[in-house]
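Per my numbering, the sequence shown runs over residues 262 to 536.
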Amino acid sequence: MSPLLAGFAFGGGVGKAAYSATTGSPSIDTATRPGKSIIKFTASGSITISAAGYVELLLVGAGGAGASSPGGGNYVGGGGGGGVFTNTSVYLPAGTYTVTVGAGGVNIAVSVAQPRGGATSLGSFAALGGGGGLQSTAVALGIGGSGGGGANSGAGGASEGLQGNNGGTASGLTGAGGGGGAGAVGVNGAATAGGAGGAGVANSITGASVTYGGGGGGSGSVTAGAGGTGGGGAASVAGAATAGTANTGGGGGGGNSGTTAGANGGSGVAIIVIG
């Protein structure tokens, strides 16, 4: 061997990571995908990587809250779905990593835009929370992983970070836009119908296909918008709006005109596969 090449390893390379501990009580599944540990955080915690290497990673931000109407026949937008970050080959150096699972946006009836969902993260990797549904044309307030649905003839909030889609546009006062989903834009409102939430995206990291990041439906004077696949909540015409499903990042449904509050967004999730 040439002396210039001495000391270099050949045929090796960085392999799969190993872990030694977790906090926060994640579920750990070693049966569904033989030879792999599927570590699912539904609440915040940490993971200690004992040997540097590659992992599979799915992060889903929390959904935004659906809007509440200020009254006067004004129907309002659904919450945006949480952003989705996925990578089947993420390199993690050895060390302890904080895992933050975003909380769903919580409806605040007096606000022109509802709170966005919280981000979900592991180290420097993150999935953004969904934007809150809108009750006015303050579009800039509805941004998020996917944008919240529009109201009062306004456009929906924009997606940021390339992790989702924009919310739908409202038709006048009586047909609000659906919140954007991780896989599709929120549906525009029609004359008396709220737009459906945008669809989320399917992922099979757990060994079964699950859809995440659906947008919440926008409310309408005759027909309420359905929630988007992936945990999005339906809007309301007369009864209560539906919250986004927990640990899917679904956006909350928009409330009806002046009598029912919008619903909260669903929390996020972080899934790490080692092996």
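Cβ atoms here follow ideal geometry from the backbone N, Cα and C, with glycine treated the same way.
Contact check between the region 332 to 349 and the region 410 to 429: three or more CB pairs, one atom from each, fall below 8 Å, which counts as touching.
For LEU395, the three-state secondary structure derived from DSSP is strand.
If only complete runs of 3 or more residues are kept, the region 307 to 371 shows the beta strand (DSSP E) at 314 to 321, 345 to 353, 356 to 361, in order along the chain.
Annotation: the continuous beta strand (DSSP E) that includes THR283 extends over 279 to 284. According to DSSP, ALA387 shares a beta bridge with SER382.
In the DSSP assignment, THR472 falls within the unbroken beta strand (DSSP E) covering 471 to 473. SER350 and LEU319 have their C-alpha atoms spaced approximately 11 Å apart. In the three-state reduction of the DSSP assignment, GLY405 falls in the strand class.
Taking GLY441 as the centre and dropping the five residues before and after it, the same chain places the C-beta of GLY341, GLY342, SER407, GLY408, GLY417, SER420, GLY425, ASN426, ASN427, GLY428, GLY447, GLY459, GLY476 closer than 7 Å to its C-beta, in chain order. Between ASN348 and the set THR435, ILE466, ALA323, the nearest pair of CA atoms involves ILE466.
In this structure, THR361 and SER305 form a Cβ contact; the two beta carbons are roughly 5 Å apart against a cut-off of 8 Å.
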